[in-house]
Amino acid sequence: MRFMMIVKATADSEAGVMPSQELIDAMQKYNEELVKAGVLLAADGLQPSSSGLRISYPERGGKAKVVDGPFTEVKELIAGYTLIEVKSREEAIQWALRMPDPHGFGHGEIELRQVFEAEEIMENPIHLMKERELRKKAEEQQKA
């Protein structure tokens, strides 16, 4: 089972305030524990929304609309994520509870969401086979 720990943005993260050395040390220690346990798949911080953009599809079948950041609703933005693979929801919760306060000032908020597996959203065996082949190719490309 894969889970994503989504770190919510704050006014500081949106302003580009970098984490303290103390927080960097705590996050590195936490990530080392995830690696030792064999559950870490990915972990990254994201740049502020001022360097991003949004693509929306306001009309069915219509042209995509691109809007440059920054975006105003900070509480709806993401500052980073950690992707883990664990045996149960309970294990994912325990790992999420161990994550240091992601902003270091008592303002951190983490959202934990389970990732859909292909089998949960695709019933057609041909589509499932194609999805598995794509994932295998992507893994091979990353190893090369």
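All residue numbers for the sequence shown refer to full-length UniProt numbering, where the first residue is 1 and numbers rise by one.
Backbone N, C-alpha and C define an ideal beta-carbon position, used for all residues, glycine too.
Here the structure is a predicted model, which is why all the values come from computation and not from measurement.
Contact check, residue i vs residue j, beta carbons under 8 Å
{"i": "residue 9", "j": "residue 79", "result": "yes"}
{"i": "residue 3", "j": "residue 113", "result": "yes"}
{"i": "residue 110", "j": "residue 7", "result": "yes"}
{"i": "residue 5", "j": "residue 144", "result": "no"}
{"i": "residue 34", "j": "residue 100", "result": "no"}
Buried or exposed (CB count within 10 angstroms, at least 16 for buried), residue i
{"i": "residue 1", "result": "exposed"}
{"i": "residue 129", "result": "exposed"}
{"i": "residue 72", "result": "exposed"}
{"i": "residue 39", "result": "buried"}
{"i": "residue 19", "result": "buried"}
{"i": "residue 41", "result": "exposed"}
{"i": "residue 13", "result": "buried"}
{"i": "residue 102", "result": "buried"}
Beta-carbon contacts of residue i that lie in its chain and below 6 Å, excluding the five residues immediately before and after
{"i": "residue 65", "result": "56 and 58"}
Residue i - containing alpha helix (DSSP H), residue span
{"i": "residue 136", "result": "125-143"}
{"i": "residue 119", "result": "118-121"}
Other residues of its chain near residue i: CB distance less than 7 Å, five sequence neighbours each side excluded
{"i": "residue 46", "result": "78, 79 and 80"}
Nonlocal neighbours in the same chain, by C-beta distance under 8 Å from residue i, ignoring five residues either side
{"i": "residue 69", "result": "48, 49, 50, 51, 52, 53 and 54"}
- Message: Extract the residue ranges of the alpha helix (DSSP H) inside the stretch 10-72, only unbroken runs of 4 or more that lie entirely within it.
- Response: Counting whole runs of 4 or more residues, the stretch 10-72 contains the alpha helix (DSSP H) stretches 11-14 and 21-36.
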